[in-house]
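K.L.:
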Amino acid sequence: MTHAEMREIGNLCANMMLDEEEEDGVEIEEPDVEETKVDLRWTLVEQFLTSKVINFSLLRQMMAFLWRLVKGVCIKELEPSLFLFQFFHELEMKHMIEASPWTFEQQVLLFKKLEMNEQPTRVLLFHFSMWIQVHDLPIGFMSERVAMHIGNYVRTFEEVNPNNFGGIWRNYMRIQIMFYVQNSLKRKKNKKAGGDWV
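81 is the number that UniProt numbering gives to position 81 of the sequence shown; each next residue is one higher, with no gaps.
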C-alpha cells in the first residue's frame with residue numbers, strides 16, 4: 001500500500017460520521033447474553049475518598065492484617081484508588097461490610113457490591129455506612145422509632161442494633177447510618193421530651 005493510499009484511508013476514517021439512524025446504539029437481547037464464568041457473588045468495587053495514589057502493596061498487607069480472613073481475598077487494582085475485592089466466603093465479606101467504615105492512610109474506603117451487568121470502572125461510589133452512638137437518652141427514648149428519627153436527622157437511617165433494647169439500662173444506643181460523602185456530619189441533636197432537651 002502506497003503512502004498516498006494510506007493517507008486517503010486515514011482521511012476517510014477521520015471524516016466518518018454516524019447517520020441519525022445509527023446513533024441509537026446496538027440493542028442486545030437477553031438470550032444473546034452469555035453466562036459468565038466469573039463468580040461475582042462476593043465481589044466489591046472499592047474506592048478511597050482521595051485523589052492521591054494509593055500504595056497498592058501496602059494496602060494489601062494492611063487489609064490482610066486488619067481483616068484476618070481465613071479464606072482470603074483477591075484484590076485487583078483497576079485504576080489509581082479504585083479496586084476490585086473478591087472474597088472467597090460470604091461471611092468474610094459480610095464481616096468486612098458490617099465492620100465498616102474502613103480507612104487507609106486516613107482516607108475512607110467506599111464500596112459497593114458488584115452486580116453481574118456492571119462495569120467496575122463505571123460504578124458510582126458516593127456513600128458509606130457507619131455506626132454512631134447516642135448517649136444520655138432518657139429510658140423512654142430507647143426505642144427503634146427514636147433511633148430512626150435520630151438516624152435520619154444525622155444522615156440516612158439504615159438500622160439499629162437490636163442489643164440496644166435488652167436489659168434494664170443501656171448507656172447508649174447504636175444506630176447505623178448511611179453517610180453521603182458530599183455532606184458534613186451533624187455532631188449533636190437536641191430532642192425535646194415533655195419540655196426537656198436531650
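Here a beta-carbon is modelled for each residue, glycine too, at the ideal position from N, C-alpha and C. As the structure is a computational prediction, the values presented were derived from the model and not from experiment.
(1) For isoleucine 150 and leucine 137, what's the separation of their Cα atoms in angstroms?
(2) Does the segment 48 to 59 come close enough to the segment 105 to 118 that 3 or more CB-CB pairs lie under 8 Å?
(3) Across which residues does DSSP place glutamine 176 in a beta bridge pair?
(4) Return the Cβ separation of isoleucine 177 and threonine 156 in integer angstroms, given the expectation that the two are a contact with Cβ distance under 8 Å.
(5) Using the DSSP secondary-structure output, state which residues sit across from threonine 50 in a beta bridge.
(6) Starting from glutamate 115, trace the beta strand (DSSP E) both ways and give me its first and last residue.
(7) Give me the Cα-Cα distance between lysine 113 and valine 45, rounded to the nearest whole angstrom.
(8) For glutamine 61, which of helix, strand or coil comes out of DSSP?
(9) I think glutamate 92 touches lysine 71, with their Cβ atoms under 8 Å apart; what is that distance to the nearest whole Å?
(10) Starting from isoleucine 75, trace the beta strand (DSSP E) in both directions and tell me its first and last residue.
(11) Which class does residue 206 belong to by DSSP, given the choice of helix, strand or coil?
(12) To which residues of the same chain is alanine 147 closer than 8 Å at the C-beta, ignoring the five residues directly before and after it?
(13) Do leucine 82 and threonine 43 have their CB atoms nearer than 8 Å?
(14) First and last residue of the beta strand (DSSP E) that includes leucine 84?
(15) So, at 6 Å on beta carbons, what are the nonlocal neighbours of phenylalanine 85 in its own chain, with the 5 sequence-adjacent residues on each side left out?
(16) Let me check one thing: in DSSP terms, what residues is glycine 104 bridge-paired to?
(17) Excluding the 5 residues flanking cysteine 130 on each side, which residues of the same chain have their C-beta closer than 8 Å to its C-beta?
(18) Is the beta carbon of valine 53 closer than 8 Å to that of proline 80?
(19) Hey, leucine 66 and valine 181: beta-carbon distance below 8 Å or not?
(20) Is it right to say phenylalanine 128 is buried, meaning 16 or more other beta carbons lie within 10 angstroms of its own, or is it exposed?
P.N.:
For this structure:
(1) Numbered from its first residue, the sequence shown carries residue 150 at position 150. Numbered from its first residue, the sequence shown carries residue 137 at position 137. Computed Cα separation, rounded: 11 Å.
(2) yes
(3) Stepping through the sequence shown from its first residue, residue 176 is reached at position 176. DSSP, once it has assigned bridges, lists Trp131 and Glu159 as partnering glutamine 176.
(4) The sequence position of residue 177 within the sequence shown is 177, counting from 1. The sequence position of residue 156 within the sequence shown is 156, counting from 1. So it is a contact: roughly 6 Å between Cβ atoms.
(5) The residue given as residue 50 occupies position 50 in the sequence shown. DSSP output for threonine 50 lists no bridge partner at all.
(6) Taking the sequence shown and counting its residues from 1, one reaches residue 115 at position 115. Per DSSP, glutamate 115 belongs to no beta strand (DSSP E) and is neither H nor E.
(7) Here residue 113 corresponds to residue number 113 of the sequence shown, with the count starting at 1. Here residue 45 corresponds to residue number 45 of the sequence shown, with the count starting at 1. Approximately 6 Å between the Cα atoms of the pair.
(8) As a position in the sequence shown, residue 61 is number 61, starting the count at 1. Residue state, collapsed to three classes: helix.
(9) Residue 92 sits at position 92 when you count from the first residue of the sequence shown. Residue 71 sits at position 71 when you count from the first residue of the sequence shown. At roughly 6 Å, the Cβ-Cβ gap stays under 8 Å, so glutamate 92 and lysine 71 are in contact.
(10) Numbered from its first residue, the sequence shown carries residue 75 at position 75. Element bounds for isoleucine 75: 73 to 79.
(11) Since the first residue of the chain shown is 1 and the last is 198, residue 206 is not available in this structure.
(12) The residue given as residue 147 occupies position 147 in the sequence shown. Excluding residues within five positions, the ones whose Cβ falls inside 8 Å are Val134, Phe157, Val160, Asn164, Met173 and Ile175.
(13) Counted from its first residue, the sequence shown places residue 82 at position 82. Counted from its first residue, the sequence shown places residue 43 at position 43. Contact: no.
(14) Within the sequence shown, the letter at position 84 stands for residue 84. Per DSSP, leucine 84 belongs to the beta strand (DSSP E) from 82 to 87.
(15) Mapped onto the sequence shown, residue 85 falls at position 85. The residues are Leu44, Glu46, Val73 and Ile75.
(16) Residue mapping note: residue 104 aligns to position 104 of the sequence shown, counting from 1. Contrary to the premise, residue 104 reads as phenylalanine rather than glycine in this sequence. Answer by DSSP bridge pairing, in chain order: Gln107.
(17) As a first step, residue 130 must be located in the sequence shown, where it is residue number 130. The amino acid at residue 130 is misidentified as cysteine; the sequence shows methionine. Here the set comprises Ser100, Pro101, Gln176, Ile177 and Phe179.
(18) Here residue 80 corresponds to residue number 80 of the sequence shown, with the count starting at 1. Here residue 53 corresponds to residue number 53 of the sequence shown, with the count starting at 1. In this structure, valine 53 lies closer than 8 Å to proline 80 by Cβ.
(19) As a position in the sequence shown, residue 66 is number 66, starting the count at 1. As a position in the sequence shown, residue 181 is number 181, starting the count at 1. Not in contact: leucine 66 and valine 181 (Cβ atoms no closer than 8 Å).
(20) By one-based count along the sequence shown, residue 128 stands at place 128. Phenylalanine 128 is buried by the Cβ-count criterion.
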